[in-house]
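Take a look at the structure below.
There are 2 protein chains.
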Amino acid sequence: MSPALLVLASGNAGKLREFHQLLAPLGFEVHAQADYGVADVEETGLTFVENALLKAREASRLSGLPAMADDSGLEVDALAGAPGIYSARYAGEPKSDTRNNARLLEALAEVPEGRRRARYWCVLVLLRHAEDPVPLIVQRSWEGEILQAPRGEGGFGYDPLFWLPDQQASAAELDAEQKNRLSHRGRALQALVAAMAPEPARS
Amino acid sequence: MSPALLVLASGNAGKLREFHQLLAPLGFEVHAQADYGVADVEETGLTFVENALLKAREASRLSGLPAMADDSGLEVDALAGAPGIYSARYAGEPKSDTRNNARLLEALAEVPEGRRRARYWCVLVLLRHAEDPVPLIVQRSWEGEILQAPRGEGGFGYDPLFWLPDQQASAAELDAEQKNRLSHRGRALQALVAAMAPEPARS
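Those protein sequences? They're chains B and X, same order as listed.
In terms of the working numbering, the first sequence is residues 307 to 509.
In terms of the working numbering, the second sequence is residues 307 to 509.
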């Protein structure tokens, strides 16, 4: 049986590889949106799921294939949920992890340890076609605390500031295997894969 | 402890009663959106979840409270998923179950038994506040087949045409208890309630 084609609505080569590795054993072949001339869309949604749907819909529309997309961000309780859906552009354009992390530290400068609770969110969607009224939707979170200063060299985004009490490490101090097992994105992807085997089922 | 207030983004008294009965034991008091001057919004989304979010967001914005909304519809395989998100207005405005059912029978006139597979979908969302980036989302389906002629007097929507092989009855022939236990909406509501106890948790 030839593999079922899927488009990933992302320009990130690391994500593409990760999705492909997990989905190939299930009979899916994951292609990059750039192969179909899909460019990044404006993320005008007010929730992660709406932004993921905007991206997946554009990729599906232009490719004529089922499309997956993710959207993710950091929710900090002491900041009433900020930076939230604006996590990637928290310190403005062009997007910069360094400036985003600096802005987060500044925003929390007066907030003592014990009140710096936060969580990463990852939302994954799978549209069977561009007009699919019931996309598969998976949301997973990862609980942590925002450090007073960065730790670790791995990961990306807010990982150097994201402290995991259970691991006694920041997300940037985990190796890739640990991070994939524990993280919001890793667990969301596992849940999506589970929901897609043997075929997209969501009752 | 005083109950936590919630707004239901619906004008349907039956739905309000049902949500209230299930959520009161969990410490939630469910109010009608009309109590806060919320009118129906235009459902411009392309998925059930986007339409439910539009409704819940408006209710939360005007009430200042957490808001729940549902959106639902019928997906018929032989009609490439139609009527889908347009189920309530399939035969145009004003909305009419009778005319919608007639249009569905007409659309399937040439489709023989055994190829009339369909499913109801229900999507429920809970926004903690109007800018909540990670609403709680639950989607449940109910599998059936579209009859050649209506059966039964109960239910609403496409229930008289929705045949349940396991029950050897149409959805309109079930009593309320049976329907709540089996239906897309009943099971979605149970799943939402489970996710809300003891508090909105969605990791």
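Idealized CB from N, CA, C, for every residue including glycine.
Checklist entry - residue 440/B and residue 353/X look like a contact to me (Cβ under 8 Å); what is the Cβ gap, rounded to whole Å? => result Walking along the first sequence from the start, residue 440/B turns up at place 134. Walking along the second sequence from the start, residue 353/X turns up at place 47. Sure, about 7 Å apart at Cβ, within 8 Å.
Item to check | Identity of the residue in 320/X, 321/X, 308/X, 317/X nearest residue 335/X by Cα | outcome: As a position in the second sequence, residue 335/X is number 29, starting the count at 1. Out of 320/X, 321/X, 308/X, 317/X, 308/X has the C-alpha closest to the C-alpha of residue 335/X.
Checklist entry - Since residue 348/B meets chain X, which of its residues come closer than 7 Å, beta carbon to beta carbon? => result What you label residue 348/B is simply residue 42 of the first sequence in a count that begins at 1. Per Cβ cutoff of 7 Å: no residues; residue 348/B is ~16 Å from chain X at best.
Item to check | 9 Å Cβ cutoff, residue 299/X in contact with chain B | outcome: For chain X, the structure presents residues 307 to 509; residue 299/X sits outside this window and is missing.
Next on the checklist: At the level of alpha carbons, what is the spacing between residue 479/B and residue 407/B?
Outcome noted: As a first step, residue 479/B must be located in the first sequence, where it is residue number 173. As a first step, residue 407/B must be located in the first sequence, where it is residue number 101. As the crow flies, the alpha-carbon of residue 479/B is around 16 Å from that of residue 407/B.
Next on the checklist: At the level of alpha carbons, what is the spacing between residue 316/B and residue 322/B?
Outcome noted: Against the first sequence, residue 316/B aligns to sequence position 10. Against the first sequence, residue 322/B aligns to sequence position 16. Spanning the two alpha carbons is a distance of roughly 8 Å.
Checklist entry - Expressed to the nearest angstrom, what Euclidean distance is found between the alpha-carbon atoms of residue 463/X and residue 332/B? => result The count along the second sequence starts at 1 and reaches residue 463/X at position 157. The count along the first sequence starts at 1 and reaches residue 332/B at position 26. For residue 463/X and residue 332/B, the distance between alpha carbons rounds to 37 Å.
Item to check | Per-residue DSSP class, three states only, for residue 382/X | outcome: Taking the second sequence and counting its residues from 1, one reaches residue 382/X at position 76. Residue 382/X falls in the strand class under three-state DSSP.
Next on the checklist: Can you check which of these residues, 443/X, 454/X, 314/X, is closest to residue 368/X by C-alpha distance?
Outcome noted: Counting from one through the second sequence, the residue named residue 368/X turns up at place 62. For residue 368/X, the nearest C-alpha among the options comes from 314/X.
Item to check | Length of the line joining the Cα atoms of residue 393/B and residue 379/B | outcome: Reading the first sequence from its first residue, position 87 is the one you call residue 393/B. Reading the first sequence from its first residue, position 73 is the one you call residue 379/B. Taking the straight line joining both Cα atoms gives about 5 Å.
Checklist entry - Of all the CB atoms in chain B, is at least one closer than 9 Å to the CB of residue 427/X? => result The residue you call residue 427/X lines up with position 121 of the second sequence. Output row for residue 427/X: interface = yes.
Item to check | Classification of residue 398/X by the beta-carbon crowding that lies within 10 angstroms, buried from 16 upward | outcome: Position 92 of the second sequence holds residue 398/X. Flag for residue 398/X reads exposed.
Checklist entry - Under the DSSP definition of a beta bridge, which residues are partnered with residue 424/X? => result Taking the first residue of the second sequence as 1, we reach residue 424/X at position 118. DSSP lists 382/X, 450/X as partners of residue 424/X.
Item to check | Beta-bridge pairing of residue 390/B - partner residues as DSSP gives them | outcome: For the purposes of this step, residue 390/B is taken as residue 84 along the first sequence, with counting starting at 1. DSSP lists 380/B as partners of residue 390/B.
Next on the checklist: What does the alpha-carbon distance come out to for the pair residue 429/B and residue 365/X?
Outcome noted: As a position in the first sequence, residue 429/B is number 123, starting the count at 1. As a position in the second sequence, residue 365/X is number 59, starting the count at 1. Taking the straight line from one Cα to the other gives about 24 Å.
Checklist entry - Going along the region 439-465 of chain X in order, which residues come within less than 9 Å of chain B, judged by CB to CB distance? => result 439, 440, 441, 442, 443, 445, 446, 447, 448, 449
Checklist entry - Roughly how many angstroms lie between the CA atoms of residue 343/B and residue 497/X, to the nearest whole one? => result As a working mapping, residue 343/B is identified with position 37 in the first sequence. As a working mapping, residue 497/X is identified with position 191 in the second sequence. The alpha-carbon atoms of residue 343/B and residue 497/X are separated by roughly 40 Å.
Next on the checklist: Would you say residue 356/B lies against chain X (beta-carbon separation less than 9 Å)?
Outcome noted: As a first step, residue 356/B is located in the first sequence; it is residue number 50 there, counting from the start. It does: the Cβ of residue 356/B has a partner Cβ on chain X nearer than 9 Å.
Checklist entry - Residues of chain X with CB under 7 Å from residue 492/B, in chain order? => result Stepping through the first sequence from its first residue, residue 492/B is reached at position 186. Neighbours of residue 492/B on chain X: none; closest Cβ ~13 Å, over 7 Å.
Checklist entry - From 484/X, 330/X, 346/X, 388/X, pick the residue whose C-alpha is nearest to that of residue 452/X; which is it? => result Taking the first residue of the second sequence as position 1, residue 452/X is located at position 146. Among 484/X, 330/X, 346/X, 388/X, the Cα nearest to that of residue 452/X is on 388/X.
Item to check | Partner residues on chain X for residue 333/B, Cβ-Cβ distance less than 8 Å | outcome: As a working mapping, residue 333/B is identified with position 27 in the first sequence. Result: empty, since nearest Cβ-Cβ is about 21 Å, beyond 8 Å.
Checklist entry - Mind checking whether residue 460/X and residue 477/X have CB atoms under 9 Å apart? => result In the second sequence, counting from the first residue as 1, residue 460/X sits at position 154. In the second sequence, counting from the first residue as 1, residue 477/X sits at position 171. Their beta carbons are under 9 Å apart, which means residue 460/X touches residue 477/X by this criterion.
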